[in-house]
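Residue numbers (the numbering used here): 241 to 563. We put the beta carbon where it would ideally sit given N, CA and C, even for glycine. Quick notes on the structure that follows.
As structure tokens, this is what we get:
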């Protein structure tokens with residue numbers, strides 16, 4: 241286990257249906273207002289207020305960060321919902337009552353990383369979030385290490401292995417301003433860093449066969465290239481002159497070895513030049529993704545099942561029927 245100072249925070253409703261002997265009680269839990277994972281079944285659309293941009297952030301860049309963050313939330317909600325809908329096991333036969341409790345918490349965003357890994361195993365969910373922290377402009381970023389510690393601990397609880405060789409991969413995703421004309425007004429580059437945290441070889445369970453899972457952390461951030469950030473404008477103008485096409489990201493990186501510059505800025509927590517947006521930890525089984533998300537036949541079957549479930553849910557709500 242990972243050493244901590246003080247008591248372990250208990251998730252909402254967590255202790256109600258988990259036996260005292262369960263090791264998952266020791267795993268720290270995030271919640272939707274902090275670093276809790278995106279709910280598996282969000283019941284309503286929530287538009288979260290964005291953090292105020294600090295002074296000195298160009299207005300167009302602040303607007304781009306807000307749009308990028310909202311797009312990320314909508315995308316993750318859809319991906320979580322699809323992955324859960326296309327899970328291998330769709331019934332509760334032979335599922336322990338404690339696991340059903342974990343599943344219900346996961347649906348609302350109150351499950352711990354260890355619980356989420358457990359239902360990932362029991363139900364064969366192709367990919368599942370373990371935690372997500374929105375830390376625009378560095379606000380709430382102090383909660384990042386508790387999230388990371390809880391995820392590492394959860395991996396060990398499931399007899400997994402932590403990745404000792406931290407070799408992140410970087411990717412340039414976009415810019416706040418695209419234009420085919422040279423010398424446009426781009427102020428920043430939206431980027432992603434992905435790091436392998438660990439792996440788990442899940443053995444056969446009472447409900448499903450075994451599979452391997454990779455746990456990865458993805459962080460999104462903005463590399464400022466506007467003049468007030470101190471970014472070299474000769475390089476910035478070279479980046480701005482690159483026409484946006486399928487090779488745009490690699491051309492931007494090649495223009496100034498962006499992937500070499502960024503790690504040092506991130507390590508220094510230089511929030512004037514690097515603007516943090518969010519960090520998400522995911523558990524993914526390539527085997528399950530290929531089997532259930534890559535097969536057209538399975539996708540059609542799950543879509544029919546999902547539509548039927550949604551229709552029943554809508555009927556129940558309309559008729560105020562309690563089930």
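DSSP, read as helix, strand or coil, puts residue 456 in strand. When DSSP assignments are scanned along the segment 482-539, the uninterrupted stretches of beta strand (DSSP E) that are 3 or more residues long and fall wholly within it turn out to be 514-524. Judged by DSSP in its simplified three-state form, residue 330 adopts coil rather than helix or strand. Apart from sequence neighbours up to five positions away, the residues of its chain that approach residue 355 with a beta-carbon distance below 6 Å are 264 and 342, ordered along the chain.
Between the segment 291-305 and the segment 459-473, the count of C-beta pairs closer than 8 Å reaches three or more; the two stretches touch.
For the 7 Å CB-CB criterion, residue 383 and residue 370 do not form a contact. In this structure the segment 403-417 lies against the segment 426-433, because at least three pairs of beta carbons, one per stretch, are closer than 8 Å. For the pair of segments examined, the segment 430-442 was found to touch the segment 398-414: the number of CB pairs separated by less than 8 Å reaches three.
Beta-bridge annotation (DSSP): residue 475 is not paired with any residue. The continuous beta strand (DSSP E) containing residue 433 extends over residues 428-442. Taking C-alpha positions only, residue 333 is separated from residue 391 by approximately 28 Å. When the Cα atoms are used, residue 348 and residue 496 turn out to be separated by approximately 44 Å. For residue 374, the uninterrupted beta strand (DSSP E) segment begins and ends at 367-374.
According to DSSP, residue pairing for residue 410 in a beta bridge involves 433.
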